[in-house]
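Numbering (UniProt numbering), first residue to last: 1 to 281.
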């Protein structure tokens, strides 16, 4: 395993080390004559930038909202598809299909085919009902981004949770029914404890991907209107490719890494505490 471990360490540590190095450098691509050691200047500029704090708040909103919606909707769909009904195979395939669409394609589909105020499906439905079409990306940009991300990632939660449900022993459900348990009691005391570790996996993996959401924003809102949908990855992108400032962008990237670790530690402690409490009961 040593070659694989060494490769992974190099793959992860070298970019991280370079990011840390450049975060302490004044390194602007269009002003190379002023490059040099900057100390904590990049972090000072970053922390005094209101756009950075706005992007941080937007990132947390996207992660929290998308996480709640995808887990709840994925669990509901998993419970549905765990039952037997006519056309279950076709319905399951259609429900899982959005997960295999690339993020850039997802953004283009929603921007041009669904959200478009003139040619979009939602605008057509509104006109058929005698209503005024809504320019979703202009008037509800954050909601639009969350809808796109949840549409794309709900199938992932569905797949993982459905796999967990299918491993639930049938005799436990039958015993609960014989004891007179209601459907809610079965769900609360049997299904949820059984899915504890599966939910942990879903929450952890989705949190990581939601923190790095970029393509959906890049192809639809461009971080706007203004900074309404600018999250940390898009803020870093703008700093590098529009301001050409590698130093401040690296400092922002270090902030994103710190945020991801804080988020992961909080989730691990919260979920582990619930699992331990459930085991104790």
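Every residue, glycine too, gets a C-beta built ideally from N, C-alpha and C. What you are looking at is a predicted structure, and each value in this text was computed from that prediction instead of being measured.
- Membership of residue 5 in the alpha helix (DSSP H) is indicated by the continuous run 2 to 23.
- Under DSSP, residue 37 shares a beta bridge with 25.
- At a cut-off of 3 residues, not a single continuous stretch assigned as beta strand (DSSP E) sits fully inside the region 171 to 231.
- Proximity of the region 234 to 253 to the region 176 to 196 falls short of the contact definition, fewer than three beta-carbon pairs being nearer than 8 Å.
- Beta-bridge partners of residue 245 (DSSP): 28.
- Between the alpha carbons of residue 47 and residue 138 lies a distance of about 28 Å.
- Judged by DSSP secondary structure, residue 107 falls within the alpha helix (DSSP H) whose first and last residues are 103 to 109.
- Contact between residue 267 and residue 201 does not hold, since their C-beta atoms are separated by about 11 Å, which reaches or exceeds 8 Å.
- It is roughly 17 Å from the alpha-carbon of residue 243 to the alpha-carbon of residue 36.
- Taking 8 Å as the cut-off, the beta carbon of residue 142 is found closer than this to the beta carbon of residue 61.
- Here residue 229 really is in contact with residue 217; their C-beta atoms are around 5 Å apart, less than 8 Å.
- Under the DSSP assignment, residue 156 falls in the alpha helix (DSSP H) whose first and last residues are 141 to 166.
- Here residue 219 is actually not in contact with residue 129; their C-beta atoms are around 28 Å apart, not less than 8 Å.
- A straight line joining the alpha-carbon of residue 126 with that of residue 192 spans about 39 Å.
- If you check the CB distance, residue 42 and residue 23 come in under 8 Å.
- Residue range 121 to 128 is occupied by the alpha helix (DSSP H) that includes residue 122.
- Taking C-beta atoms as the reference points, residue 95 and residue 77 count as a pair closer than 8 Å.
- Taking the CA atoms as reference points, residue 224 sits about 33 Å from residue 11.
- Contact fails between the region 108 to 122 and the region 158 to 175, because fewer than three Cβ pairs, one in each stretch, are under 8 Å apart.
- If you look at residue 88, you'll find it in the alpha helix (DSSP H) that goes 88 to 96.
- Taking C-beta atoms as the reference points, residue 99 and residue 152 count as a pair closer than 8 Å.
- Collapsing the DSSP output to three states places residue 117 in coil.
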